[in-house]
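Trainee: Once you've had a glance at the structure underneath, I'll fire off some questions.
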Amino acid sequence: MTTLDNRSFDTADEPFQPTSEEARAPLLPDPGFLWQVFRRNMLLVFGLFFLVLLLAAAYLATATPVYSASASLIVEPASDPVRTSEPDRAGTVPNTDEIDTEIRLMSSPFVAEIAAHLYSERFASPDGDPFTEAEIELIANRMGGTTRIMRSGSSKIIDITAVGPDPQFAAATANLIGEAYLQSQVDNKSQRSESMQAFIEERLAELERNALSAQAALDNYRASRGLVTANGGTNAEQEVSNLNTQLASARADLAEKQGRLNAARQQLARGSGGADVGAALGSSTVASLRQQEARASAELAVLTQRYGELYPERRQTESELADIRRRIQEEINRVLSNLQADVQTAQSRVASLTASRQTAIGAMTSNSRAQAGMNELAQKAEAARSIYQSFLARAQEGTALRDSAMPDARFATRAEVPSSPFSPNYALTIALAIVMGLVVGFGGLLVSEYLRRGVQTKRDVERRLRLRYAGAIPSLKSTIKGRQPLEAPQDYVLSHPHSLFAEAFRSIRTFLMLSPGKRSRAIAITSALPGEGKTTTSVCLGRTAAAEGLKTILVDADLRRRGSSALLEYESDQDIYDYLLHDAPIEQCIYRDVMSGLDILGSNGVPEGGQNPLRDHTVEKMLAELRAIYDVVIIDTAPVLGVAESRLLASTADRVLVITHWRKTSIRAIEAVVDMLIDSGAKVTGLALSQVNIKKYASTGDGDVYAYAKKFRGYYTN
């Protein structure tokens with residue numbers, strides 16, 4: 004079989020060849036072609052799209068809503084509310100391992116069991132009775148199975164998420180798991196405090212006895228050695244210390260008084276008479292006498308200027324002044340005597356204190372050996388007392404901490420009862436359904452195009468079959484809007500000559516008549532398979548040509564089916580058999596179609612014998628005679644794949660038009676037919692699509708009139 008790419012065509016009837024621009028593969032698909040592909044598969048795409056939406060709606064209607072509630076905890080060591088001797092851990096940042104450990108603890112069945120008991124205390128059971136242990140265990144298992152605990156990034160926050168069909172139970176689970184974890188921490192701290200407190204209380208009584216015994220031994224030893232202390236030292240030490248203080252004070256006092264006495268003696272040695280001695284100058288008596296002396300001296304000076312020595316008042320004043328000066332000297336002498344007495348008293352006191360100090364130092368030296376033993380006992384007593392006080396303080400701290408234990412975490416946020424379900428997510432499901440609907444719809448489009456076997460568009464004819472596109476013949480029903488056809492197609496073309504249906508046949512006839520080469524007279528209409536509209540096409544072509552004034556004859560060469568003869572109700576005494584086998588005149592074998600003026604050379608029936616009138620010489624003779632008489636000769640042949648004489652008729656005709664059922668006949672069948680026709684020397688002019696549903700969007704592609712049928716409504720009368 005000859006392939007389509009290597010066909011041998013007559014120069015007058017070269018096969019369709021694309022231009023260089025058409026043959027060049029475009030960088031991107033033709034948007035018009037993509038649009039046409041979408042339009043002709045629009046129902047499939049939207050059907051699959053809405054099917055996916057329907058499935059999504061069914062899922063949303065039947066799916067059990069699942070709610071999600073989340074609570075958050077911040078893990079950070081809590082500072083003790085009671086000040087203790089232990090270092091405060093507040094502010095310590097937990098590391099990753101510690102937080103992971105806490106997460107494992109929160110996920111443990113132990114915490115879930117505590118949460119279940121908390122739930123049983125706060126909520127009522129469905130039957131109104133208290134929860135049983137079995138029900139609490141089921142609640143714990145349910146909480147553990149519906150809870151997801153994880154760290155929020157690299158922070159100290161732990162998220163507790165609970166999911167389930169009951170929104171209130173989900174929120175309660177998230178909160179109670181957190182509370183159970185915090186309670187477990189408090190219980191753990193309280194248990195440790197109680198254990199430590201029990202140990203301390205056991206040791207506390209023994210330590211108290213040891214402290215008392217050590218202190219008693221120290222007191223007895225000190226008393227037996229005379230080492231009674233006051234204010235932290237022994238009596239001898241305190242006595243020596245006091246004597247040292249008194250002796251220093253006495254010596255300072257002696258030095259002061261000795262200095263005053265020495266100063267007075269030096270002034271007397273210079274002949275001053277003691278008037279300028281500091282002690283005398285500070286005496287109030289001497290000061291008073293000095294005032295009297297000054298007054299008397301002033302009066303005497305006045306009297307001396309006025310009177311002589313014998314004046315009585317002058318003599319009296321002189322006597323009074325001498326007496327005052329005598330009394331001043333006596334007072335100065337008394338003061339100097341007191342200074343000497345004070346020095347002697349101070350010296351006696353210093354001597355007495357020195358003697359007492361020597362005696363105390365001797366007593367302290369004698370007690371030094373006993374002091375060493377006392378120090379050892381004092382250290383033991385102090386150690387026993389310190390240990391006892393430390394345990395006593397720790398016992399008090401333990402009691403306080405046990406009653407005020409705080410967890411090392413706190414709630415950051417508590418779970419709220421969710422108002423909308425977590426799953427199914429209506430918005431997300433609808434969005435995914437829309438996306439999946441589009442994917443499935445366009446996937447179905449691709450599958451449909453991939454599995455499409457029939458010829459559908461002008462592009463298929465020209466690019467896949469490499470044939471000229473003769474046109475498309477619509478189905479009569481698709482050209483009539485909103486009603487069923489009341490006439491047969493061959494009658495409709497005559498009753499509605501300006502209809503879209505009739506125009507399709509005129510377009511095909513024009514294509515055949517204006518095709519390259521000499522004027523077409525004998526046109527063979529054939530197909531690959533039966534039922535493709537070959538006979539209807541032949542009849543309608545003949546009727547439209549005859550109705551327009553062309554002298555036309557239709558030859559029914561499908562002798563086994565005689566389709567054209569039946570459609571046009573062929574009746575004649577002599578038929579094509581008589582014409583070909585018995586040389587009957589052509590005029591006696593012709594039947595005239597009254598409605599259109601079309602001549603028909605048909606058959607009255609299928610003979611029982613096997614004699615075939617269609618031979619090379621008979622066919623050539625018939626066509627030569629018909630060409631001489633008629634303008635157009637249309638030959639309705641049998642399907643090529645099933646009947647051999649169709650190739651003979653096609654090879655003898657001037658033009659061959661292949662008819663194929665739109666979207667039905669496979670491309671391989673058409674390729675086989677074209678190969679057979681070319682091998683037999685037939686001139687395949689083009690291919691026409693029959694029974695096209697023009698209501699389908701872009702049914703034959705954007706290169707045909709049916710892609711723009713709505714724009715031409717005013718040109719046709721259907």
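Residue numbers for the sequence shown follow our numbering, beginning at 4 and rising by one.
No residue lacks a Cβ here, since even glycine has one placed at the ideal position from N, Cα and C.
Roughly how many whole angstroms lie between the Cα atoms of arginine 195 and aspartate 162?
Mentor: Translated into the one-based positions of the sequence shown, residue 195 becomes position 192. Translated into the one-based positions of the sequence shown, residue 162 becomes position 159. Arginine 195 and aspartate 162: Cα-Cα distance of roughly 28 angstroms.
Trainee: Under 8 angstroms, do glycine 566 and leucine 51 count as touching if we go by C-beta distance?
Mentor: Residue mapping note: residue 566 aligns to position 563 of the sequence shown, counting from 1. Residue mapping note: residue 51 aligns to position 48 of the sequence shown, counting from 1. Going by C-beta atoms, glycine 566 is not nearer than 8 angstroms to leucine 51.
Trainee: Which residues share a DSSP beta bridge with arginine 151?
Mentor: Walking along the sequence shown from the start, residue 151 turns up at place 148. Paired residues: Thr164.
Trainee: Using the Cβ count rule (16 or more neighbours within 10 Å means buried), how would you classify asparagine 98?
Mentor: What you label residue 98 is simply residue 95 of the sequence shown in a count that begins at 1. Burial call: exposed.
Trainee: With a threshold of 8 angstroms on Cβ separation, who are the neighbours of glycine 235 within its own chain once the five nearest residues in sequence on each side are excluded?
Mentor: Taking the sequence shown and counting its residues from 1, the one referred to as residue 235 is at position 232. Its pLDDT being 45, under 50, glycine 235 is placed unreliably by the model, and the measurement read from it follows with that caveat. Closer than 8 angstroms at Cβ, skipping near neighbours: no residue.
Trainee: Verify whether the separation of the beta carbon atoms of isoleucine 589 and glutamate 628 is less than 8 angstroms.
Mentor: Taking the sequence shown and counting its residues from 1, the one referred to as residue 589 is at position 586. Taking the sequence shown and counting its residues from 1, the one referred to as residue 628 is at position 625. Contact flag set, yes.
Trainee: Could you give the distance in angstroms between the alpha-carbon of arginine 671 and the alpha-carbon of valine 166?
Mentor: By one-based count along the sequence shown, residue 671 stands at place 668. By one-based count along the sequence shown, residue 166 stands at place 163. Approximately 59 angstroms between the Cα atoms of the pair.
Trainee: Excluding sequence positions up to five away, which residues of its chain have a Cβ less than 8 angstroms from the Cβ of aspartate 103?
Mentor: As a first step, residue 103 must be located in the sequence shown, where it is residue number 100. Taken in chain order, the residues that qualify are Arg154.
Trainee: Output yes or no for whether 8 angstroms exceeds the beta carbon distance between isoleucine 697 and threonine 547.
Mentor: Start at 1 with the first residue of the sequence shown, and residue 697 comes out as number 694. Start at 1 with the first residue of the sequence shown, and residue 547 comes out as number 544. Result no, Cβ atoms of isoleucine 697 and threonine 547 do not sit closer than 8 angstroms.
Trainee: So, at 6 angstroms on beta carbons, what are the nonlocal neighbours of alanine 115 in its own chain, with the 5 sequence-adjacent residues on each side left out?
Mentor: Against the sequence shown, residue 115 aligns to sequence position 112. The answer, listed in chain order, is Ala143, Met146 and Gly147.
Trainee: Using only CA atoms, which one of Arg462, Ser568, Thr529 and Gln261 lies nearest to valine 40?
Mentor: Taking the sequence shown and counting its residues from 1, one reaches residue 40 at position 37. Considering only alpha carbons, the answer is Arg462.
Trainee: Under the rule that 16 or more other beta-carbon atoms within 10 Å means buried, what is threonine 640, buried or exposed?
Mentor: To locate residue 640, count along the sequence shown from 1; it is residue 637. Under this definition threonine 640 is a buried residue.
Trainee: Please determine if the stretch 538-546 and the stretch 646-656 are in contact, where contact requires at least 3 C-beta pairs separated by less than 8 angstroms.
Mentor: No, the stretch 538-546 is not in contact with the stretch 646-656.
Trainee: Answer yes or no: do threonine 555 and tyrosine 495 have a C-beta to C-beta separation smaller than 8 angstroms?
Mentor: Sequence index remark: in the sequence shown, residue 555 carries index 552 (1-based). Sequence index remark: in the sequence shown, residue 495 carries index 492 (1-based). Their beta carbons are not under 8 angstroms apart, which means threonine 555 does not touch tyrosine 495 by this criterion.
Trainee: Per DSSP, what kind of secondary structure is valine 643 in: helix, strand or coil?
Mentor: Taking the first residue of the sequence shown as 1, we reach residue 643 at position 640. In the structure shown, valine 643 sits in coil (DSSP, three-state: anything other than H, G, I, E or B).
Trainee: Should histidine 501 go down as buried or exposed, given a rule of 16 or more other Cβ atoms within 10 Å for buried?
Mentor: As a first step, residue 501 is located in the sequence shown; it is residue number 498 there, counting from the start. By the neighbour-count rule (16 or more Cβ atoms within 10 Å), histidine 501 is not buried but exposed.
Trainee: Could you check what DSSP says for glutamine 614 in three-state terms: helix, strand or coil?
Mentor: Within the sequence shown, residue 614 is the residue found at index 611, counting from 1. Glutamine 614 falls in the coil class under three-state DSSP.
Trainee: What would DSSP say about leucine 431, mapped onto helix, strand or coil?
Mentor: Within the sequence shown, residue 431 is the residue found at index 428, counting from 1. Residue state, collapsed to three classes: helix.
Trainee: So leucine 121 and glutamate 182 are in contact, right, with Cβ under 8 angstroms, and what is the actual spacing, rounded?
Mentor: On the sequence shown, position 118 is the one that residue 121 refers to. On the sequence shown, position 179 is the one that residue 182 refers to. The pair is a contact, with the Cβ atoms about 6 angstroms apart (cut-off 8 angstroms).
Trainee: Whether or not the stretch 170-178 and the stretch 58-77 are in contact is what I'm after, with contact meaning three or more pairs of Cβ atoms, one per stretch, closer than 8 angstroms; do they touch?
Mentor: With the cut-off at 8 angstroms, the stretch 58-77 and the stretch 170-178 touch.
Trainee: Could you check what DSSP says for isoleucine 556 in three-state terms: helix, strand or coil?
Mentor: Here residue 556 is taken as the residue at index 553 of the sequence shown, counted from 1. Of the three classes helix, strand and coil, the one that applies to isoleucine 556 here is strand, per DSSP.
Trainee: Ends of the beta strand (DSSP E) at valine 659?
Mentor: In the sequence shown, counting from the first residue as 1, residue 659 sits at position 656. Start and end: 658-664.
Trainee: Since I believe glutamine 218 is in contact with alanine 386 (beta carbons under 8 angstroms), could you give me their beta-carbon distance rounded to a whole number of angstroms?
Mentor: Start at 1 with the first residue of the sequence shown, and residue 386 comes out as number 383. Start at 1 with the first residue of the sequence shown, and residue 218 comes out as number 215. Their Cβ separation, rounded to whole angstroms, is 11 angstroms, which puts alanine 386 and glutamine 218 out of contact at 8 angstroms.
Trainee: Let me confirm a value: aspartate 596 is counted as buried when at least 16 other C-beta atoms fall within 10 Å, else exposed. Which label applies?
Mentor: Your numbering for residue 596 matches position 593 in the sequence shown. It is buried - the Cβ of aspartate 596 has at least 16 other Cβ atoms within 10 Å.
Trainee: For glutamine 249, which residues of its own chain have a beta-carbon under 8 angstroms away from its beta-carbon, when the five flanking residues on both sides are left out?
Mentor: Here residue 249 refers to the residue found at position 246 when the sequence shown is read from its first residue. Excluding residues within five positions, the ones whose Cβ falls inside 8 angstroms are Leu356.
Trainee: CA-CA distance, isoleucine 673 and threonine 513?
Mentor: To locate residue 673, count along the sequence shown from 1; it is residue 670. To locate residue 513, count along the sequence shown from 1; it is residue 510. Straight-line Cα distance between these residues: approximately 23 angstroms.
Trainee: Beta carbon of proline 168: closer than 7 angstroms to some heavy atom of the ligand HEM?
Mentor: In the structure shown, the ligand HEM is absent, as is every other ligand, since no ligand is present at all.
Trainee: Closest by CA to alanine 258, which one among Asp190, Gln332 and Arg352?
Mentor: Counting from 1 along the sequence shown, the entry for residue 258 is found at position 255. Residue Arg352 is the option with its Cα nearest to alanine 258.
Trainee: Nearest to leucine 63 by alpha carbon, out of Trp38, Leu431, Tyr582 and Glu506?
Mentor: If you number the sequence shown from 1, residue 63 lands on position 60. Among Trp38, Leu431, Tyr582 and Glu506, the Cα nearest to that of leucine 63 belongs to Leu431.
Trainee: If you reduce the DSSP assignment to three classes, tell me which class threonine 688 lands in.
Mentor: Here residue 688 refers to the residue found at position 685 of the sequence shown. Three-state result, threonine 688: strand.
Trainee: Report yes if the C-beta distance between proline 642 and proline 533 is below 8 angstroms; otherwise report no.
Mentor: For this step, residue 642 is matched to residue 639 along the sequence shown. For this step, residue 533 is matched to residue 530 along the sequence shown. Going by C-beta atoms, proline 642 is nearer than 8 angstroms to proline 533.
Trainee: DSSP three-state label for phenylalanine 508, please.
Mentor: By 1-based counting over the sequence shown, the position of residue 508 is 505. Here phenylalanine 508 sits in helix by DSSP.
Trainee: Report the CB separation of glycine 605 from aspartate 559 in whole angstroms; it is logged as a contact under 8 angstroms.
Mentor: For the purposes of this step, residue 605 is taken as residue 602 along the sequence shown, with counting starting at 1. For the purposes of this step, residue 559 is taken as residue 556 along the sequence shown, with counting starting at 1. So it is a contact: roughly 4 angstroms between Cβ atoms.
Trainee: Rounding to the nearest angstrom, what Cα-Cα distance links arginine 293 and glutamate 316 in this structure?
Mentor: Indexing the sequence shown from 1 puts residue 293 at position 290. Indexing the sequence shown from 1 puts residue 316 at position 313. Whole-angstrom Cα-Cα distance: 21 angstroms.
Trainee: Taking Cβ to Cβ, would you say asparagine 178 is nearer than 8 angstroms to arginine 417?
Mentor: Locating residue 178 in the sequence shown gives position 175, counting from the first residue. Locating residue 417 in the sequence shown gives position 414, counting from the first residue. Against a cut-off of 8 angstroms, the Cβ pair of arginine 417 and asparagine 178 comes out as a contact.
Trainee: Within 10 angstroms of its Cβ, does phenylalanine 134 collect 16 or more other Cβ (buried), or is it exposed?
Mentor: By 1-based counting over the sequence shown, the position of residue 134 is 131. Result: buried.
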